[in-house]
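In the working numbering, the protein residues as written are 3 to 222. Just so it is clear, CB atoms sit at the ideal spot from N, CA and C, and this is done for glycine as well. On a predicted model such as this, the values are computed, not experimentally measured, just so you know.
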């Protein structure tokens, strides 16, 4: 039998929002790192299909071409991981700017380029800075309902890319909840795509002690 989550979380709305925000945003830094790393051409030596680049090593042209595509108009565009990294980063930066415009906080958000950094470590660091600011202002963000659809779209993109690139990070330690069945503080939360097709994810929880499963009373 499933038990509504408000049975273990009286302040369900606020907690749900904070958990959802942190869970999704915590995935962004390692995800950016993984995607940017995939766009870096492989470096190797003594290959006949490589060209010598002045000031550098031997760059695998086949790897470079794997991240480019040519449109019908003849324009060269990025594809694959490069496109995914660019799309995710652009959405995150746009959300940052929108939140700042709405709440006008005392602490301004970090100034970020709308395109992701080409260095994996730098991209990860910038993502950490961005999500830290958003999480710090989570309570204020919760009141901006005009951004609900955009935020849900960002969450959905994060989940898709997490599955696509196999990124399984170890985000901040989860806050365990009390189990209404056994009384232990052992209920861990996670998020999943809504089975009814809604862009809003649903929260799923399971007690690590007795195995009791908790689901949202309504998946909306």
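Here's a check: name, in chain order, each residue in its chain whose Cβ is nearer than 7 angstroms to the Cβ of residue 128, leaving out the five neighbours to either side.
Taken in chain order, the residues that qualify are 114, 119.
What separation, rounded to the nearest whole angstrom, lies between the Cα atoms of residue 152 and residue 116?
Between residue 152 and residue 116, the C-alpha separation is close to 17 angstroms.
With H, G and I counted as helix, E and B as strand and the rest as coil, what does DSSP make of residue 120?
Three-state result, residue 120: coil.
Note down, in chain order, each residue of its chain lying with its Cβ closer than 8 angstroms to the Cβ of residue 130, except the 5 sequence neighbours on either side.
So the qualifying residues of the chain are 31.
Considering only DSSP beta bridges, list what residue 100 is partnered with.
Bridge partners of residue 100: none, in fact.
Using the C-alpha atoms, what's the distance from residue 92 back to residue 184?
Cα to Cα, the separation comes out at about 45 angstroms.
Starting from residue 215, trace the beta strand (DSSP E) both ways and give me its first and last residue.
Note, residue 215: beta strand (DSSP E), 215-217.
Which first and last residues belong to the alpha helix (DSSP H) in which residue 35 is found?
Start and end: 30-41.
With which residues is residue 189 paired in a DSSP beta bridge?
BP columns for residue 189 point to 179, 209.
Does DSSP put residue 204 in a helix, a strand or coil?
If DSSP states are grouped into helix, strand and coil, residue 204 belongs with the strands.
Nearest to residue 166 by alpha carbon, out of 37, 15, 14?
Per the Cα distances, 37.
Excluding the 5 residues flanking residue 140 on each side, which residues of the same chain have their C-beta closer than 8 angstroms to its C-beta?
If we look at residue 140 and ignore the five residues flanking it on each side, its Cβ neighbours are 19, 20, 23, 24.
Please name the residue in 17, 104, 87, 150 whose C-alpha comes closest to that of residue 122.
Looking at the Cα atoms, 87 is the closest of the given residues.
Can you look up residue 164 in the DSSP assignment and give me helix, strand or coil?
Reduced to three states, the DSSP call for residue 164 is helix.
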